[in-house]
Amino acid sequence: IKRLKQPGIELHHLPEIDLVLVTHAHFDHLDRRTLRRIASDQPIVVPVGVGTLVHDLGFHIVHELDYWQSVPLDGLQISLTPCHHWGARFLADLHRGFGGFVIHVNGRSIFHCGDSAYFPGFKEIGERHDIEIALLPIGAYDPPSGREVHMNPEEAVQAFLELHAKKLVPMHYGTFRLGYEPLDEPLTRLLARAKEAGIHNDVLVMTEGQPVVL
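Counted the way this note's numbering counts, the sequence shown spans residues 1339 to 1552.
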């Protein structure tokens, strides 16, 4: 898959990485070449069944989590949450898990959804975790069959409301052509629906290379 936008920061300019989270084994989320370059003494957290893909890359500490399981790491609490997607890297490895992560630190929290279609589980995630910032995917929903595993922008707004989060950061759009929709359509639709729902001031659109402090 060809990248359509340059990375916000080059790999060799990254600061020291405290830990790595991998939501599932798909090639656009688990790139072994990239992980090998950043692997050091930091831990990596993956869903159940994904650890075998990262053990040989240089990570000394690998944590595999099942849904709702948590692990404490240097003052952080990392929890794996359900999602509606699939985790096989190839056709035969259907045993590999998939999910999202909630990161709790110093009374604050971030939810990284990973890839997911809309599903009723967002309500339970919001009930189990007090989420401040929700990173939600909004692309790859066209053709319609894509919605079996990817939510559209309107569904992302609904998920945000059910999570009871404070800020919505859209992701999973505009960098790779993962669906048939125009590259600028997901964000346009998200902002329109957010305005209708009265949450437009809660949407934070990030651009490549622009740091944001919350």
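Ideal placement from N, C-alpha and C gives every residue a C-beta, glycine not left out.
Legend entry - Through-space distance from residue 1511 to residue 1319, alpha-carbon basis: Any answer about residue 1319 is impossible in this case: the structure gives the chain only from 1339 up to 1552.
Inset, instruction - Can you give me the start and stop residues for the beta strand (DSSP E) that residue 1492 sits inside? - result: It is not in any beta strand (DSSP E) - residue 1492 instead sits in the alpha helix (DSSP H) that spans 1491-1501.
Inset, instruction - Assuming residue 1357 contacts residue 1411 (C-beta within less than 8 Å), just tell me the rounded distance between them. - result: 6 Å
Inset, instruction - Identify whether residue 1308 lies in helix, strand or coil by the three-state DSSP scheme. - result: The requested residue 1308 is not part of the displayed model; the chain covers only 1339 to 1552.
Legend entry - Backbone CA spacing between residue 1494 and residue 1390 [nearest angstrom]: 32 Å
Legend entry - CA nearest to the CA of residue 1382, picked from 1349, 1407, 1340, 1355: Nearest of 1349, 1407, 1340, 1355 to residue 1382, Cα basis: 1355.
Legend entry - Minimum C-alpha distance to residue 1366 - residue among 1439, 1427, 1471, 1432: 1427
Legend entry - Rounded separation between residue 1509 and residue 1536 - CA only: When rounded, the distance between both Cα atoms is 20 Å.
Inset, instruction - For the beta strand (DSSP E) containing residue 1546, list its first residue and its last residue. - result: No beta strand (DSSP E) holds residue 1546; DSSP gives it neither H nor E.
Inset, instruction - Report buried or exposed for residue 1446, applying the criterion of at least 16 other Cβ atoms within 10 angstroms of its Cβ. - result: Exposed: under 16 other Cβ atoms inside 10 Å.
Inset, instruction - Using beta-carbon positions only, say whether residue 1333 and residue 1475 come within less than 8 Å of one another. - result: The structure shown does not extend to residue 1333, since the chain spans only 1339 to 1552, so no value can be given for it.
Inset, instruction - Ignore the nearest five residues each way along the sequence and tell me which others in residue 1413's own chain have a CB closer than 8 Å to its CB. - result: Excluding sequence positions up to five before and after residue 1413, its CB lies within less than 8 Å of the CB of 1443, 1444, all in the same chain and listed in chain order.
Inset, instruction - Please state whether DSSP places residue 1450 in a helix, a strand or coil. - result: Strand.
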